[in-house]
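In our numbering, the protein residues as written are 14 to 231.
Each residue gets a CB set at the ideal place from its N, CA and C atoms; glycine is no exception.
In what follows, a structure is listed as structure tokens, so that the remarks can point back to it.
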């Protein structure tokens with residue numbers, strides 16, 4: 014699997030319908046929602062109402078990334094807004110039991126569950142949860158703002174995670190978010206990632222399909 018998830022955080026919302034149609038016609042299958050609360054990260058973005066509204070305009074997979082302090086309180090709201098995948102942050106919870114509780118809660122709604130880590134969090138912190146997850150999201154920039162540069166140490170984290178996945182025959186998606194473009198996309202995939210979140214690079218590209226091919230390669 015090699016796929017792009019387009020981050021709507023980079024979109025011009027006055028032209029969002031056109032933007033989504035272009036992405037669909039260019040082969041994008043995932044739509045990435047960066048949900049920020051102004052507390053867990055400094056920025057504020059959007060809530061479940063935006064997802065439920067936009068969802069009527071497309072048939073993409075809704076990939077929801079909760080960069081919020083209290084993810085448990087919003088799981089049901091995003092499920093009802095038609096999230097297909099809900100990813101929350103390891104760093105947002107106080108202990109392992111809380112993380113297990115949210116993973117189980119998301120799965121109770123027959124929704125796929127992801128767990129994300131910030132750049133400074135070691136990937137081995139989440140090994141104990143991997144057999145319960147559908148997706149792991151490795152942040153390759155500090156979460157909260159678009160347009161940042163890719164952190165080079167991310168490659169090693171992807172390799173370690175992919176090695177663990179293969180060793181134990183696990184089947185979760187490895188997603189990478191932050192600074193993804195045509196200069197690093199192929200190397201990220203070669204390191205073991207499956208799903209690349211791309212916002213600024215795609216939003217600015219004049220030819221979206223060519224831009225996507227330049228990231229994914231052959």
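Cβ neighbour criterion (16 or more within 10 Å) applied to residue i
i           : result
residue 5   : The displayed coordinates of the chain run from 14 to 231. Any statement about residue 5 would go beyond what the structure contains.
residue 220 : exposed
residue 197 : buried
residue 182 : exposed
residue 111 : exposed
residue 185 : buried
residue 250 : Outside the shown range of the chain (14 to 231) lies residue 250, about which nothing can therefore be said.
residue 24  : buried
residue 135 : exposed
residue 125 : buried
residue 169 : exposed
Residue i vs residue j beta-carbon contact at 9 Å
i           : j           : result
residue 93  : residue 41  : no
residue 225 : residue 39  : yes
residue 189 : residue 228 : no
residue 115 : residue 85  : yes
residue 64  : residue 91  : yes
residue 205 : residue 176 : yes
residue 142 : residue 113 : yes
residue 82  : residue 32  : no
residue 43  : residue 17  : yes
residue 71  : residue 34  : yes
residue 210 : residue 191 : yes
residue 19  : residue 215 : yes
residue 120 : residue 145 : yes
Inter-residue CB distance, residue i and residue j (contact presumed, cutoff 8 Å)
i          : j           : result
residue 14 : residue 48  : Incorrect: roughly 24 Å between the Cβ atoms, too far for contact.
residue 45 : residue 78  : 6 Å
residue 54 : residue 156 : 5 Å
Cutoff 9 Å: residue i Cβ touching any chain D Cβ
i           : result
residue 175 : No chain D appears in the structure shown, which is made up of a single protein chain.
At least three beta-carbon pairs within less than 8 Å, the region 129 to 139 to the region 149 to 163
They touch, by the three-pair rule.
Under 8 Å, with one C-beta from each stretch per pair, do the region 163 to 175 and the region 99 to 110 reach the 3-pair mark?
Result no; under three Cβ-Cβ pairs closer than 8 Å.
Output the residue ranges of the alpha helix (DSSP H) runs that lie fully inside the region 29 to 101 and measure 4 residues or longer, sorted by chain position.
Listed in chain order, the alpha helix (DSSP H) runs fully inside the region 29 to 101 are 29 to 38, 61 to 67 and 88 to 93, counting runs of at least 4 residues.
Only counting runs of 3 or more residues, tell me where the beta strand (DSSP E) segments fall wholly within the region 150 to 225, in order along the chain.
The qualifying runs are 186 to 190 and 208 to 211.
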